[in-house]
Amino acid sequence: MLLTCQSVSKSLGDRTLFEGVSFTLHPRDKVGLIGPNGVGKSTLLKILAGMEHADDGQVEVRKGTKLVYLAQAESFNDADTVLEAALKLLADEPLDEAAKLAAAQVWLGRIGFADMGQRVQTLSGGWRKRLAIAAQLAREPDILLLDEPTNHLDMDGIWWLEDTLKSASFAFVVISHDRAFLNSVTTRTMEINDCFEGSLYAQDVPYTAFMEQRDGYLETQQIRRDNLANKVRREVEWLKAGVKARTTKQTARIKETLRLQEELSGLKSRTKEAKKVEIEFEDTERKTKRLVVLHNVEKSFDDKCLFKGLDLTLKPGMRLGLLGRNGSGKSSLLRLIGAMDAPTMGTVTLARGVRIATFDQNRQLLDPEQTLRQALAPSGGDAVIYRDELIHVASWAKRLRFRSDQLQAAVKRLSGGEQARILIGRLMLESADVLLLDEPTNDLDIPSIEVLEDALVTFPGAVVLVTHDREMLDRVSTVLLALDGKGTATAYADLAQWQADQKATLAPKKEIKKDVNKEEQQTEVKKEKVKLTYKLQREFDLMEQTILEAETELETLQNNPVDATAGQAFTDYCAALGAAQERVDTLYARWAELEAMQQGMSA
Numbered sequence: 001m002l003l004t005c006q007s008v009s010k011s012l013g014d015r016t017l018f019e020g021v022s023f024t025l026h027p028r029d030k031v032g033l034i035g036p037n038g039v040g041k042s043t044l045l046k047i048l049a050g051m052e053h054a055d056d057g058q059v060e061v062r063k064g065t066k067l068v069y070l071a072q073a074e075s076f077n078d079a080d081t082v083l084e085a086a087l088k089l090l091a092d093e094p095l096d097e098a099a100k101l102a103a104a105q106v107w108l109g110r111i112g113f114a115d116m117g118q119r120v121q122t123l124s125g126g127w128r129k130r131l132a133i134a135a136q137l138a139r140e141p142d143i144l145l146l147d148e149p150t151n152h153l154d155m156d157g158i159w160w161l162e163d164t165l166k167s168a169s170f171a172f173v174v175i176s177h178d179r180a181f182l183n184s185v186t187t188r189t190m191e192i193n194d195c196f197e198g199s200l201y202a203q204d205v206p207y208t209a210f211m212e213q214r215d216g217y218l219e220t221q222q223i224r225r226d227n228l229a230n231k232v233r234r235e236v237e238w239l240k241a242g243v244k245a246r247t248t249k250q251t252a253r254i255k256e257t258l259r260l261q262e263e264l265s266g267l268k269s270r271t272k273e274a275k276k277v278e279i280e281f282e283d284t285e286r287k288t289k290r291l292v293v294l295h296n297v298e299k300s301f302d303d304k305c306l307f308k309g310l311d312l313t314l315k316p317g318m319r320l321g322l323l324g325r326n327g328s329g330k331s332s333l334l335r336l337i338g339a340m341d342a343p344t345m346g347t348v349t350l351a352r353g354v355r356i357a358t359f360d361q362n363r364q365l366l367d368p369e370q371t372l373r374q375a376l377a378p379s380g381g382d383a384v385i386y387r388d389e390l391i392h393v394a395s396w397a398k399r400l401r402f403r404s405d406q407l408q409a410a411v412k413r414l415s416g417g418e419q420a421r422i423l424i425g426r427l428m429l430e431s432a433d434v435l436l437l438d439e440p441t442n443d444l445d446i447p448s449i450e451v452l453e454d455a456l457v458t459f460p461g462a463v464v465l466v467t468h469d470r471e472m473l474d475r476v477s478t479v480l481l482a483l484d485g486k487g488t489a490t491a492y493a494d495l496a497q498w499q500a501d502q503k504a505t506l507a508p509k510k511e512i513k514k515d516v517n518k519e520e521q522q523t524e525v526k527k528e529k530v531k532l533t534y535k536l537q538r539e540f541d542l543m544e545q546t547i548l549e550a551e552t553e554l555e556t557l558q559n560n561p562v563d564a565t566a567g568q569a570f571t572d573y574c575a576a577l578g579a580a581q582e583r584v585d586t587l588y589a590r591w592a593e594l595e596a597m598q599q600g601m602s603a
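In the working numbering, the protein residues as written are 1 to 603.
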């Protein structure tokens, strides 16, 4: 075996992170380490790496084993070139300079760096992460410890890392919230959680199969707890009957009862239901069918065109997932939709009074010097207003799974996942028609991600989502839009369709170009065939207002019913109500017809 972790415990202040953690690591082990935020996953990884000390227990690494640690946040000198930064991480390796240079160049090339003389300060977050991964792999580890390696990586980067880890000859332990990634690269899963004896539950299966076995184990523990509780109750009743320890047998039974009570107490503590963050977004109940309309939109920076000719209509119930490499324009498109930036060409039209709420992956909306209490109640005071209800900030914090002793902590002292939950809480306080979310899953634990997915799926308004979490994209999105960063935006029904298309790009370029030109020619013909006349276009432009007026008339009738005993008045009312409903239905059908014609024109 390469590494042994024996009865390791760690506390922060008076809070126990984990207690009695034990496991072994063998050559080629591929381990996923999961658990809720705050249970000490990153701390355990640092203890394994020798960067932190355990309170109790020990970690033994086999002599001659090279252990390499990849942190969540990389630290480079921005003035260095990519190659210089990698070589600095190789400085202590027992290799000559030529071997170090060769190793750095090989791994930087494999991960996609074409220009190794590029300055670190010019790299995006995703490329900085690639640099960190390549530099650590160049050290040729026997054990690699990775803490959230997919954060900030685009899909290409994640796929490359998956292929590398799946074929790796070294052992690794990876902390990740990316369920698809865990299923792809791991063959063993360990969860740190105080609901398990020894704070750890492990099975030799990937994530999804692990969760099934975990649920079965917890159900068994629940049954065991209930059976033990019944047994303890009977023994306590026996004691209450006034039995005295006059015989050796009675004395032994009393001791056994006390032992059972202690065992039951431990089981109750471990099997208590873990609290999840409660997420539910509030919509404005707006009836407008078109919330945001982009027409012939282009966005360019200097000589680089990110996308052009983009036509997009956001409607209630639509959940748009954005795909593309880092720098392809996903965040730029979010900013256009949110009216935070202007297009280079084309128009972005927002429905009158539309409300848009935004989640920023850079967390620029957070003041690091504020306390958690202040950050959770941005309007000031000791309470927030949620769904017209006044909620004390302490209760609001509890709903977002914060502890009461954290309320006075500075935001800068909170973990990335905790900061993400603050921003999600702020979104919940905004009554919105459109939610724009830029990498909301970064640093969130898996239970929180799953609750967030539920909230987005049930949100009545429109959602635009940028995330590298493939499970979330597949579950939440009703349509996907892929940006290639070279001017083209392509719609897909699901992630599998996009992935298949990505593989198709391996076909000869001449053939692909020919197909694209043919499709463009067909599209131009289609545009000419279905171009709206001036009269139809004007009808289409006024349709939203016409429908709103018709719905207002219908709502007025519905809110002022006539008594059924009112004779002719009731008959007239029913006729008017039916006519109003029919008019609304007819207008919606006509709108759909006109919209189909217009979409055909811009397909």
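Each residue gets a CB set at the ideal place from its N, CA and C atoms; glycine is no exception.
Under the three-state reduction of DSSP, which class applies to residue i: helix, strand or coil?
i      : result
Ile175 : strand
Ala507 : In this prediction, Ala507 has a pLDDT of 44, which is less than 50 and means its spatial position is unreliable; nothing more can be read from the coordinates.
Met345 : strand
Leu90  : coil
Lys289 : coil
Lys651 : One cannot answer for residue 651 here, as it falls past the ends of the chain, which runs 1 to 603.
Met190 : strand
Gln203 : strand
Ser395 : helix
Ala432 : strand
Lys166 : helix
Arg110 : helix
Ser9   : strand
Asp616 : As shown, the chain starts at 1 and ends at 603. That puts residue 616 outside it, with no answer to give.
Arg426 : helix
Asn296 : strand
Arg224 : helix
Ala79  : coil
Phe210 : helix
Val40  : A quick correction: the sequence has Gly, not Val, at residue 40. Residue state, collapsed to three classes: coil.
Lys304 : strand
Glu604 : Only positions 1 to 603 of the chain appear in the structure, and residue 604 is not among them; the question remains open.
Taking the alpha-carbon positions, what's the residue i to residue j distance?
i      : j      : result
Tyr207 : Phe170 : 20 Å
Leu536 : Glu544 : 14 Å
Asp607 : Lys166 : Because residue 607 is not part of the residues shown, which for the chain are 1 to 603, the question remains open.
Val291 : Leu12  : Inspection of the sequence shows that residue 291 is occupied by Leu rather than by Val. Distance between the alpha carbons of Leu291 and Leu12: 48 Å.
Cys195 : Glu278 : 20 Å
Glu430 : Leu366 : 16 Å
Leu294 : Leu594 : 17 Å
Gly109 : Met116 : 8 Å
Thr187 : Arg28  : 10 Å
Lys412 : Lys41  : 20 Å
Asp585 : Ile337 : 29 Å
Val457 : Val476 : 6 Å
Arg139 : Ala168 : 13 Å
Arg335 : Ala342 : 8 Å
Asp14  : Thr441 : 29 Å
Arg234 : Asp215 : 29 Å
Phe301 : Val434 : 26 Å
Glu471 : Lys231 : 44 Å
His177 : Val297 : 35 Å
Lys100 : Arg128 : 20 Å
Arg583 : Thr490 : 36 Å
Ala645 : Asp454 : With the chain covering only 1 through 603, there is no way to say anything about residue 645.
Rounded C-beta distance between residue i and residue j? I'm assuming under 8 Å.
i      : j      : result
Val205 : Thr220 : The pair is not a contact, with the Cβ atoms about 17 Å apart (cut-off 8 Å).
Leu17  : Val39  : 6 Å
Asp80  : Val120 : 5 Å
Leu437 : Leu465 : 5 Å
Leu619 : Ile143 : For residue 619 there is no data in the structure shown, the boundaries of the chain being 1 and 603.
Lys287 : Leu548 : 7 Å
Asn37  : Asp445 : 4 Å
Ala580 : Leu542 : No, Ala580 and Leu542 are not in contact; Cβ-Cβ is about 19 Å, not under 8 Å.
Leu90  : Ala104 : 6 Å
Lys10  : Asp78  : Not really, about 33 Å apart at Cβ, beyond 8 Å.
Report the residue ranges of all alpha helix (DSSP H) runs contained in full by the region 316-364; include only those spanning at least 4 residues, in chain order. 330-337
Is there contact here, the region 478-497 with the region 303-320, by at least three beta-carbon pairs under 8 Å? yes
Check whether the region 318-335 touches the region 152-162, taking contact to mean three or more Cβ pairs, one atom from each stretch, closer than 8 Å. yes
Does the count of Cβ pairs from the region 393-408 and the region 251-262 closer than 8 Å reach three? no
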